[in-house]
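**Student:** Handing you a structure now.
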Amino acid sequence: MKRITILSLLSLMILTSFAQKTINLSGTWDFQIDRNGSYNASQKYDDTIKLPGSMLTNGKGDLPSIHTKWTGSLYDSSYYYNPYMEKYRHTGSIKFPFFLTPEHYYVGYAWYRQNTEIPKEWKRNRVVLFLERPHIETTVFVNGKEVGRQMSLSVPHEYDITDYVKFGKNNSIAIKIYNGIENVGVGQDSHSVTDQTQGNWNGIVGKIQLRSQKSIFTVKAFPDLNTGNVKILVNDKEYNLKIDNPQPWSEFTPNLYTRSVIYCGDTIPVTFGFRNIEVKGRDIMLNGKPIYIRGTVENCNFPLTGYPPTDVESWKKIIQKCKDYGINTMRFHSYCPPEAAFIAADSLGFYLQPEGPSWPNHGVKLNYKQHIDQYLAEETKKICDYYGNHPSFVMMAAGNEPAGDWVTWCNNWGKTMKEYDNRHIYCGASVGGGWAWDNLSEYHVKGGARGLDWSHKAPQCNDDYLSQIEFPRNYKGKEPNNSPIIAHEQGQWCAFPDFKECSLYTGPYKAKNFDIFEDLLKKNGMASQAEKFLYASGKLQVTAYKYEIERNLRTKDYSGFLLLGLNDYSGQGTALVGPLNVFWKEKGYVDSKQWKEFCGKIVPLAKFPKFVFQNTDTLNIPIEVYNASEGDIKDADIEYSIIDNNTHSNIIAKYNTTIKYGKNNEIRPIALPLNGIKAPSKLTLNVSVNGNTNEWDFWVYPSKVEMPKTKDIYITDTLDSKAIKILNNGGNVLITAGGKIRYGNDVKQTYLPVFWNTSWFKMRPPHTTGSYIMNNHPIFKDFPTDSWQNINWWELINKAQVMNLQEFPEDYQPIYQPIDTWHVSRKLGMIVEANVLKGKLLMTTFDINSNLNNRIVARQLRKSILEYMSGNSFKPEITLDIKVIRDLFEKEAPKVNMFTKDSPDELKPKIIR
Numbered sequence: 061m062k063r064i065t066i067l068s069l070l071s072l073m074i075l076t077s078f079a080q081k082t083i084n085l086s087g088t089w090d091f092q093i094d095r096n097g098s099y100n101a102s103q104k105y106d107d108t109i110k111l112p113g114s115m116l117t118n119g120k121g122d123l124p125s126i127h128t129k130w131t132g133s134l135y136d137s138s139y140y141y142n143p144y145m146e147k148y149r150h151t152g153s154i155k156f157p158f159f160l161t162p163e164h165y166y167v168g169y170a171w172y173r174q175n176t177e178i179p180k181e182w183k184r185n186r187v188v189l190f191l192e193r194p195h196i197e198t199t200v201f202v203n204g205k206e207v208g209r210q211m212s213l214s215v216p217h218e219y220d221i222t223d224y225v226k227f228g229k230n231n232s233i234a235i236k237i238y239n240g241i242e243n244v245g246v247g248q249d250s251h252s253v254t255d256q257t258q259g260n261w262n263g264i265v266g267k268i269q270l271r272s273q274k275s276i277f278t279v280k281a282f283p284d285l286n287t288g289n290v291k292i293l294v295n296d297k298e299y300n301l302k303i304d305n306p307q308p309w310s311e312f313t314p315n316l317y318t319r320s321v322i323y324c325g326d327t328i329p330v331t332f333g334f335r336n337i338e339v340k341g342r343d344i345m346l347n348g349k350p351i352y353i354r355g356t357v358e359n360c361n362f363p364l365t366g367y368p369p370t371d372v373e374s375w376k377k378i379i380q381k382c383k384d385y386g387i388n389t390m391r392f393h394s395y396c397p398p399e400a401a402f403i404a405a406d407s408l409g410f411y412l413q414p415e416g417p418s419w420p421n422h423g424v425k426l427n428y429k430q431h432i433d434q435y436l437a438e439e440t441k442k443i444c445d446y447y448g449n450h451p452s453f454v455m456m457a458a459g460n461e462p463a464g465d466w467v468t469w470c471n472n473w474g475k476t477m478k479e480y481d482n483r484h485i486y487c488g489a490s491v492g493g494g495w496a497w498d499n500l501s502e503y504h505v506k507g508g509a510r511g512l513d514w515s516h517k518a519p520q521c522n523d524d525y526l527s528q529i530e531f532p533r534n535y536k537g538k539e540p541n542n543s544p545i546i547a548h549e550q551g552q553w554c555a556f557p558d559f560k561e562c563s564l565y566t567g568p569y570k571a572k573n574f575d576i577f578e579d580l581l582k583k584n585g586m587a588s589q590a591e592k593f594l595y596a597s598g599k600l601q602v603t604a605y606k607y608e609i610e611r612n613l614r615t616k617d618y619s620g621f622l623l624l625g626l627n628d629y630s631g632q633g634t635a636l637v638g639p640l641n642v643f644w645k646e647k648g649y650v651d652s653k654q655w656k657e658f659c660g661k662i663v664p665l666a667k668f669p670k671f672v673f674q675n676t677d678t679l680n681i682p683i684e685v686y687n688a689s690e691g692d693i694k695d696a697d698i699e700y701s702i703i704d705n706n707t708h709s710n711i712i713a714k715y716n717t718t719i720k721y722g723k724n725n726e727i728r729p730i731a732l733p734l735n736g737i738k739a740p741s742k743l744t745l746n747v748s749v750n751g752n753t754n755e756w757d758f759w760v761y762p763s764k765v766e767m768p769k770t771k772d773i774y775i776t777d778t779l780d781s782k783a784i785k786i787l788n789n790g791g792n793v794l795i796t797a798g799g800k801i802r803y804g805n806d807v808k809q810t811y812l813p814v815f816w817n818t819s820w821f822k823m824r825p826p827h828t829t830g831s832y833i834m835n836n837h838p839i840f841k842d843f844p845t846d847s848w849q850n851i852n853w854w855e856l857i858n859k860a861q862v863m864n865l866q867e868f869p870e871d872y873q874p875i876y877q878p879i880d881t882w883h884v885s886r887k888l889g890m891i892v893e894a895n896v897l898k899g900k901l902l903m904t905t906f907d908i909n910s911n912l913n914n915r916i917v918a919r920q921l922r923k924s925i926l927e928y929m930s931g932n933s934f935k936p937e938i939t940l941d942i943k944v945i946r947d948l949f950e951k952e953a954p955k956v957n958m959f960t961k962d963s964p965d966e967l968k969p970k971i972i973r
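Numbering of the sequence shown is given in the working numbering, commencing with residue 61 and proceeding in unit increments.
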């Protein structure tokens, strides 16, 4: 960071003096829970508490129970009714599956009081009580008299207490805090309040100070990059400064300036950056040049405290981790962070989209004469007043996915906000694809143009979202849309829980949900598979993210994406969607270098029409480059190479060219005959642009395959009488049972993993999140595979049946094992083998029979299976009763019972209309 600061010696002396005119109120406060609202500011309190902090971080409140009235929607309320969950419903040892379990919980009134002496010297000034981040409502009493009440969820609560204090004497400062949500009315799932994320806590964090100052003021800075002029408004007084040769602020040049002005005797430092944010057509322009958003949603998940950090260093670590992963933007989902986040983003060069603290849905509606209309309008103005000088604050939305007549409300809001503060661009709300089109937003954060189509057609990476940018879902115009769109909550691909993570929960929130999931895995005989499931599901998760992000980067005029998210989301049923865990730490299956290959400022993009080839094909692949760096890349070093099964790299092209700034920069295509590849092979194409590499796995199979003779193998699609006779006679049987299985037909799988989680969406398919494969098993001697479900498996796995192996021996793990949703953890298989009767049986639900001339992966797997069964390696380790096999065809597994369609009514918070 480059900080440009010019202050006179006199100004520095005054600032030093100004900084000393504070009294830090951090420390021990008297404390009283007030369940009935019967206490006052002067009564004796029977407890103490440490501030900054919350009741939860101080171990105050009630033990959670099944009667706890949580702040949040519990769409999967089976926990309350499922007999299996009874052991987790005991007060004192309670464990919840849908979000982290707090050690204590309390919603209601609580009193905080401290006595402090206010110096006589302060008598000539105003005395301000500064509370950086209380939660939620504060009512302040000084020496027993009520000063006022505030309930901002986004900005500090500041009280002018001058008329209530006794100078030179001890003063009693009492603060009554209420953390119910019915008065703010923001919606129970808003990340500013919900137990799905930070938790609904009661307390004060950040700075807690008394300040002596000449006046009460709001400061706004308006730097002009073109002229170097800076207009500074302090309340209604205007100051004009001139900066020679101003240097711009951006993600690449985070130049900051500090100047001071004197207002009514107070010397006020003002920090700002020269940057201009605007919209032109489908582009978001920063300092006259398009910027491309590669963002993540920050969901306010902070398990060590339950609230967002208020120190700059904590935010710098988070933001730097994002930058390490190629991310340049953060959207704050239905909340606004403390100022420390803006300061950190300013210094590191990082774009922010704070939001109003509301998800006005699930009972709350905009423009329905509810309190939220006024509250949200006022709150978003306060956000601009307090944080608007920060150059990192480039975009703003009113909130997340609203209900009601929200388009009318948001259109009016956007117009009002632009008139109120034109230093930012405004989006009515961040919404999913099914939401209406809000036609007056300057830019749109909208779903719809996201995801992969791989459940319906074979994987490829030469498509884009352009048609959905030109005519977004619910867009009514006849001419193509001409405003910027950023993908809303892109990704949401899940990985299996990492149970090693549990030891990291050293604060007041515990991952008891992980305890439940681990218990389910043990109960179903798969405790040994936990790490394997994590790695295998994680690799599939990264694959899905890679190709979805690349599709976004390939799309002309798409302004970018906002992931949900780079790190996990602890609530809403436990959404393990991040390559990083909730603590922003790696899980062991991808690192920043690998992720940045497809999510960085310079990304080579190969446009594969398919990923599976025959050796009679020629590899014809167009290549383009996404260049969101500082500018054109002149004389760039370009290199193409192919890496084979033995990791030997063969350079196939090397040249230099200029890459223009922007998207869709075409460079030389690849044309490579594959006739030299004789054996089934996994290969990798690597493309490098000035050291920025990206790579794509692809597979090549022989065009002609000679199947082994099967006279000693009986092949059938069911357990027919002939199969039983052959087994009884000691023979070998292959059952290709795809489409015939009943015990397991309730499990729906596609190639892609679970979206968000099956609890929040009530077992909406798919139910699996990849597969673990014993890739060293001799059955795969003639079939190239990793230990996880790579793209090569799509032809076989997508929408294929699984077998439920509940009746198999507890410690048996199948050769090919789909990974069930962690909320159920059924033991599943698609290739199993066993000694049955006197013979040997191999059974698969993969279709290795039909249309093998065109299904070359299935053809090769069939060959590999038959070669294995014909050889000496076919030695099943377990013995099964014939009934176990028969049950797979005749028995049905018990349905997953969700028990209810909603949370118990008595556990829902009230809403003030």
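Every residue gets a Cβ at the ideal spot worked out from N, C-alpha and C, and that includes glycine.
By the DSSP assignment, the beta strand (DSSP E) with V207 in it spans what residues?
**Tutor:** The residue labelled residue 207 in the question sits at position 147 within the sequence shown. Run containing V207: K205 to Q210, per the beta strand (DSSP E) assignment.
**Student:** Might you give, ordered along the chain, the residues of its own chain that have their beta carbon closer than 7 Å to the beta carbon of N835, omitting 5 neighbours on each side?
**Tutor:** In the sequence shown, the residue the question calls residue 835 occupies position 775. Within the same chain, N835 has close Cβ partners T845, D846 and S847.
**Student:** Considering only C-alpha positions, which residue in the set N584, V505 and Y535 is nearest to Q550?
**Tutor:** Here residue 550 corresponds to residue number 490 of the sequence shown, with the count starting at 1. Nearest C-alpha to Q550: V505.
**Student:** Can you give me the start and stop residues for the beta strand (DSSP E) that Q654 sits inside?
**Tutor:** Here residue 654 is taken as the residue at index 594 of the sequence shown, counted from 1. Note, Q654: premise wrong, no beta strand (DSSP E); alpha helix (DSSP H) at S652 to K656.
**Student:** Can you grab the Cα-Cα spacing for the pair S701 / L940, in whole Å?
**Tutor:** Reading the sequence shown from its first residue, position 641 is the one you call residue 701. Reading the sequence shown from its first residue, position 880 is the one you call residue 940. Between the C-alpha atoms of S701 and L940 there is a straight-line separation of about 49 Å.
**Student:** Determine the burial state of G119: buried for a count of at least 16 other Cβ atoms within 10 Å of its Cβ, exposed for fewer.
**Tutor:** Looking up residue 119 in the sequence shown gives position 59. The residue in question, G119, is exposed, as its Cβ has fewer than 16 Cβ neighbours within 10 Å.
**Student:** Could you say which of W759, S763, P936 and S819 lies nearest to W854 if we only look at CA atoms?
**Tutor:** Taking the first residue of the sequence shown as position 1, residue 854 is located at position 794. Residue W759 is the option with its Cα nearest to W854.
**Student:** Could you please give me the residues that DSSP links to A281 through a beta bridge?
**Tutor:** For the purposes of this step, residue 281 is taken as residue 221 along the sequence shown, with counting starting at 1. In the DSSP assignment, A281 is bridged to I292.
**Student:** With DSSP as the reference, label K625 as helix, strand or coil.
**Tutor:** For the purposes of this step, residue 625 is identified with residue 565 of the sequence shown, where counting begins at 1. Correcting the residue type first, residue 625 is Gly in the shown sequence and not Lys. Three-state DSSP puts G625 in coil, outside helix and strand.
**Student:** Counting only the same chain and skipping the five closest in sequence on each side, list residues whose C-beta sits under 8 Å from that of D106.
**Tutor:** As a position in the sequence shown, residue 106 is number 46, starting the count at 1. So the qualifying residues of the chain are Q92.
**Student:** Beta-carbon within less than 6 Å of T468's beta-carbon, same chain only, minus the 5 sequence neighbours each way: which residues are those?
**Tutor:** The count along the sequence shown starts at 1 and reaches residue 468 at position 408. Only N427 meet the Cβ criterion.
**Student:** Roughly how many angstroms lie between the CA atoms of R63 and D90, to the nearest whole one?
**Tutor:** As a first step, residue 63 must be located in the sequence shown, where it is residue number 3. As a first step, residue 90 must be located in the sequence shown, where it is residue number 30. Low confidence applies to R63: its pLDDT is 40, below 50, so where it sits in the model is not reliable, and the reading given next is rough at best. Cα to Cα, R63 sits roughly 42 Å from D90.
**Student:** Got a sec, what are the start and stop residues for the beta strand (DSSP E) W375 sits in?
**Tutor:** Here residue 375 corresponds to residue number 315 of the sequence shown, with the count starting at 1. Premise fails: W375 lies in the alpha helix (DSSP H), V372 to D384, not in any beta strand (DSSP E).
**Student:** Give me the Cα-Cα distance between K935 and K900, rounded to the nearest whole angstrom.
**Tutor:** Here residue 935 is taken as the residue at index 875 of the sequence shown, counted from 1. Here residue 900 is taken as the residue at index 840 of the sequence shown, counted from 1. Cα-Cα distance, rounded: 8 Å.
**Student:** Judging by CA-CA distance, which residue of N295, Q258, Y99 and F332 is the nearest neighbour of S275?
**Tutor:** Within the sequence shown, numbered from 1, the residue matching residue 275 stands at position 215. Closest option to S275, judged by alpha-carbon separation, among N295, Q258, Y99 and F332: N295.
**Student:** For the putative contact between K490 and A457, defined by C-beta atoms under 8 Å, what is the C-beta separation to the nearest angstrom?
**Tutor:** To locate residue 490, count along the sequence shown from 1; it is residue 430. To locate residue 457, count along the sequence shown from 1; it is residue 397. In the sequence under discussion, the amino acid at residue 490 is Ser, which differs from the Lys named in the question. The distance from the Cβ of S490 to that of A457 is about 5 Å, consistent with a contact at the 8 Å cut-off.
**Student:** Roughly how many angstroms separate the alpha carbons of G736 and N706, rounded to a whole number?
**Tutor:** Your numbering for residue 736 matches position 676 in the sequence shown. Your numbering for residue 706 matches position 646 in the sequence shown. Using only the alpha carbons, I get a separation of about 16 Å.
**Student:** Given V339, which residues of its chain have a CB within under 8 Å of its CB, disregarding the five upstream and five downstream residues?
**Tutor:** If you number the sequence shown from 1, residue 339 lands on position 279. Once the five neighbours on either side are set aside, the close Cβ partners of V339 are M345, I485, E502, Y503, S543 and P544.
**Student:** Anyone know if the C-beta pair for S252 and L213 falls short of 8 Å?
**Tutor:** Taking the sequence shown and counting its residues from 1, one reaches residue 252 at position 192. Taking the sequence shown and counting its residues from 1, one reaches residue 213 at position 153. Yes, these two residues count as a Cβ contact at 8 Å.
**Student:** Classify N957: buried if its beta carbon has 16 or more other beta carbons within 10 angstroms, exposed otherwise.
**Tutor:** Position 897 of the sequence shown, counted from the first residue, corresponds to residue 957. With fewer than 16 Cβ atoms within 10 Å of its Cβ, N957 is classed as exposed.
**Student:** If we count the other Cβ atoms within 10 Å of its Cβ and call it buried at 16 or more, is L72 buried or exposed?
**Tutor:** Indexing the sequence shown from 1 puts residue 72 at position 12. With a pLDDT of only 33 at L72, under the threshold of 50, the placement of this residue in the model should not be trusted, and no figure is reported.
**Student:** Any idea if I322 is buried or exposed, counting beta-carbon neighbours within 10 angstroms, 16 or more meaning buried?
**Tutor:** Along the sequence shown, read from residue 1 onward, the residue named residue 322 stands at position 262. In summary, I322 is exposed, with fewer than 16 beta-carbon neighbours lying within 10 Å of its beta-carbon over all protein chains present.
**Student:** Is the region 326-340 close to the region 597-606, with three or more CB pairs under 8 Å?
**Tutor:** no
**Student:** Measuring straight from C-alpha to C-alpha, what distance separates V424 and Y435?
**Tutor:** To locate residue 424, count along the sequence shown from 1; it is residue 364. To locate residue 435, count along the sequence shown from 1; it is residue 375. Approximately 12 Å between the Cα atoms of the pair.
**Student:** Tell me the DSSP secondary structure of K81 in three-state form.
**Tutor:** Against the sequence shown, residue 81 aligns to sequence position 21. In the three-state reduction of the DSSP assignment, K81 falls in the coil class, being assigned neither a helical nor a strand state.
**Student:** With burial defined as no fewer than 16 other Cβ atoms inside 10 Å of the residue's Cβ, what is the status of T770: buried or exposed?
**Tutor:** Residue mapping note: residue 770 aligns to position 710 of the sequence shown, counting from 1. T770 comes out exposed.
**Student:** Nearest by alpha-carbon distance to P12: which of N388, D757, N449 and V642 is it?
**Tutor:** Residue 12 lies beyond the residue range present for the chain, which begins at 61 and ends at 973; the question has no answer from this structure.
**Student:** Using DSSP with H/G/I as helix, E/B as strand and the rest coil, what is F577?
**Tutor:** Walking along the sequence shown from the start, residue 577 turns up at place 517. If DSSP states are grouped into helix, strand and coil, F577 belongs with the helices.
**Student:** Have a look at A696 and I916 and give me their C-alpha separation to the nearest angstrom.
**Tutor:** The sequence position of residue 696 within the sequence shown is 636, counting from 1. The sequence position of residue 916 within the sequence shown is 856, counting from 1. If you take the alpha carbons of A696 and I916, they lie about 39 Å apart.
**Student:** Find out if the Cβ-Cβ distance for the pair N260, M211 is shorter than 8 Å.
**Tutor:** Here the question's residue 260 lines up with position 200 in the sequence shown. Here the question's residue 211 lines up with position 151 in the sequence shown. Going by C-beta atoms, N260 is not nearer than 8 Å to M211.
**Student:** By Cβ distance, which residues of its chain are closer than 7 Å to G798, with the 5 residues on each side in sequence left out?
**Tutor:** Taking the sequence shown and counting its residues from 1, the one referred to as residue 798 is at position 738. Cβ neighbours of G798 beyond the five flanking positions: A860, Q861, T905, F906 and D907.
**Student:** When the Cα atoms are used, what is the spatial distance from I972 to W756?
**Tutor:** Here the question's residue 972 lines up with position 912 in the sequence shown. Here the question's residue 756 lines up with position 696 in the sequence shown. For I972, the pLDDT reaches just 47, beneath the cut-off of 50, and the residue's location in the model is therefore unreliable, although a value from the coordinates is still provided. Taking the straight line joining both Cα atoms gives about 54 Å.
**Student:** Write down every uninterrupted run of the beta strand (DSSP E) in the region 198-278 whose length is 3 residues or greater and which is fully enclosed by it, in chain order.
**Tutor:** 205-210, 217-220, 230-238 and 263-273
**Student:** If you check the beta carbons only, do V650 and G598 fall under 8 Å apart?
**Tutor:** Position 590 of the sequence shown holds residue 650. Position 538 of the sequence shown holds residue 598. It is a contact, given that the beta carbons lie within the stated cut-off.
**Student:** With a floor of 4 residues, list each alpha helix (DSSP H) that falls wholly inside the region 643-693, ordered by position along the chain.
**Tutor:** As far as the region 643-693 is concerned, its whole alpha helix (DSSP H) runs of at least 4 residues are 652-656.
**Student:** Short check: CB of L613 to CB of K723, under 8 Å?
**Tutor:** Reading the sequence shown from its first residue, position 553 is the one you call residue 613. Reading the sequence shown from its first residue, position 663 is the one you call residue 723. Yes, the Cβ-Cβ distance between L613 and K723 is below 8 Å.
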